[in-house]
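Everything in the sequence shown is counted per the numbering used here, starting at 645 for the first residue and increasing by one.
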Amino acid sequence: MTTSFKEFAELCRKVKNTSRRTEKTAIIAEFLRKLTPTEAEIAARLLVGRIFPEYSELTLDVGFSMIRNALANISPQALLFEEPVTIEEVYQILTKIAEAKGENSRRRKERLLTSLLSRLSEAEREYLIRSIFGEVRIGASEGLILEAIAKAVNTKLDTVRRAYMFLGDLGDVARIALEGGEEALSRVTLTLFRPVKPMLAEMSYSIREVLREFGNIAAFEYKYDGVRVQIHKKKDLIRIFTRRLSEITQSLPDIIELVRRNVNADEVVLDGEVIGFKDGKPIRFQDLVKRVRRIRDVWKLIGKIPLELRLFDILYLNGKVLVDEPYERRWKLLESVVKDKNMLAKRIVTGSVEEAERFFEESISEGHEGLMAKCLKSKYTPGTRGKNWFKIKPADTIDVVIVAAEWGHGRRRGWLSDYYLAVRDENTGEYLVVGKTFKGLTDDEFREMTKKLLELKIAEEGYVVKVIPKIVVEVAYSEIQQSPKYKSGLALRFARIVRIRYDKSPEDITTLGELKKRYEMQFRYKAKVF
């Protein structure tokens, strides 16, 4: 028996109307149990505002104006004789919209969208449109969906989380769970040419505290201002993926050649960063991204922007998954397969604060970002940010997503140039504003940002354009303050955009919990009055 999209919309309403996490989990679990594996795959993604898996190349490219036109073209009598639309039908039509390319593609997309929306009730349209724009706003985070999947098939949450660690997609986890339960989930592991999300690091402000956390010894690596890459190799077949799981093999023939010549392994998965140099100095991240994202005429840029590779981890070697091996063991294996040691991240292992601080200053003086500190016993946990890796940087910066922008005036007239910056509430999945800024971008970047934001527009009220939360920026600030103005309760003082992070997705940004920790950390050195 198929499940209608009306039932999915009713689920969203129920989940939204309860604030208790246990109730939300139980409601979603009960719904998932009734679905086919394919329906569960679709529903799990839609609940967190995602249509396709992150590794998919498909994108809807549907903005506010297209939605508005589609709604305007719907006849009031459209629903009178229509059969209920199923979850699978909705997904099939959305896939056709994403696949529409070339001449007249916008018209074809709009026609398909109008046809779909005309068959849905107002409540169904509301939740579909919210999913399309990436904000369902029912308080269902990725973590909550994983709990619901575990409850739906009566399996251990740790088993579900581990499967998600390797798959990186809620839909795939839900489908496998309903197909084969705990047994099928426990068989999920890292496989060649299926990228996993990279392990992430927490921020630290003190080398001394990091060493204390790690038992007075740690590995310190240069933190490069590069593009994170995951390299999969099987004999002569080499493919490269970004931290967002997109494939960029075509853009990096020079890196492919470096790996082919210098990595001595039949089958391997490597973690590292691609960096660029000019006159012996690292190039700006913005310039590096243009080179890495280039598809056409790549060879013309190879001489102009030569790239290098710095490897710092190994996840798989000749049939053996290494993520559960300690970092120290993984590093030795990495050293053993890489011929050119200059391709390894510059690194020391020490328990000396003074030695680590000198190494930090050396990294900064060479134009890099600082250091990564890693626990020698740490496992590699894909997609997880924890206390086994720390990043140590000289300036306070966080990653935020732009959720709205204001039209500029004066010299910035005609540009969307005052940006609303949001962090992610890890409990609800909602994006919460923590400040605004118009500082940090060049005129060319303002023009490019305006174009991209207008493509993501979902509403316009006066001078404010609301957008799909998609563009991530790294922001520097002088202080975090309490703020009754914002729902988040916090605001960034003197926020300034350091760079646009096209390599990061909204799931990668700073969470509200992390920002609250940073707020409290300020009072180690300052007095707290209120």
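Idealized CB from N, CA, C, for every residue including glycine. Because the structure is a prediction, the values reported are computed rather than measured.
Per the Cβ contact rule, the region 1057-1077 is not in contact with the region 1021-1041 (fewer than 3 Cβ pairs under 8 Å). Between the region 734-741 and the region 1125-1133 there are fewer than three inter-stretch CB-CB distances shorter than 8 Å, so the stretches are not counted as touching. Assignment of L738 by DSSP, reduced to helix, strand and coil, places it in the helix class.
Contact check for L977 against L955 fails: the beta carbons are separated by 9 Å or more. In the DSSP assignment, I958 falls within the unbroken beta strand (DSSP E) covering L951 to L961. Between V933 and L951, the gap from beta carbon to beta carbon reaches 9 Å or more.
In this structure A1049 is not in contact with P1113, their Cβ atoms being roughly 12 Å apart against a cut-off of 8 Å. Using a C-beta cut-off of 8 Å, the region 1141-1149 makes contact with the region 1081-1101, since at least three inter-stretch Cβ pairs fall below that distance. In the structure shown, Y771 falls within a helical segment according to DSSP collapsed to helix, strand and coil. In the three-state reduction of the DSSP assignment, R856 falls in the helix class.
The C-beta separation of V840 from P1026 comes to about 4 Å, placing the pair in contact by the 8 Å criterion.
Beta-bridge partners assigned by DSSP to M1016: E865 and K1035. Contact annotation: K800 and A792 have beta-carbon atoms that are not nearer than 9 Å. Residue nearest to K1161 within the set Y849, E768 and R872 is Y849 (criterion: CA-CA distance).
Taking the Cβ atoms as the reference, G920 lies roughly 5 Å from I949, within the contact range of under 8 Å. Here the alpha carbons of L715 and I773 stand approximately 11 Å from one another. Exposed is the label assigned to R664, since fewer than 16 other Cβ atoms lie within 10 Å of its Cβ. Per DSSP, the unbroken beta strand (DSSP E) holding T994 starts and ends at R991 to T994. Bounds of any alpha helix (DSSP H) do not take in F1082, whose DSSP letter is neither H nor E.
With a 10 Å radius around the Cβ and a threshold of 16 neighbouring Cβ atoms, I861 comes out exposed. Its chain contains P681 as the residues whose beta carbon lies nearer than 7 Å to that of E823, once the 5 sequence neighbours on both sides are disregarded; these appear in chain order. Check the Cα spacing between L1136 and each of I776, T669, L1159 and I1153: the tightest is with L1159. For Q874, the number of other beta carbons within 10 angstroms of its own is at least 16, and it is reported as buried.
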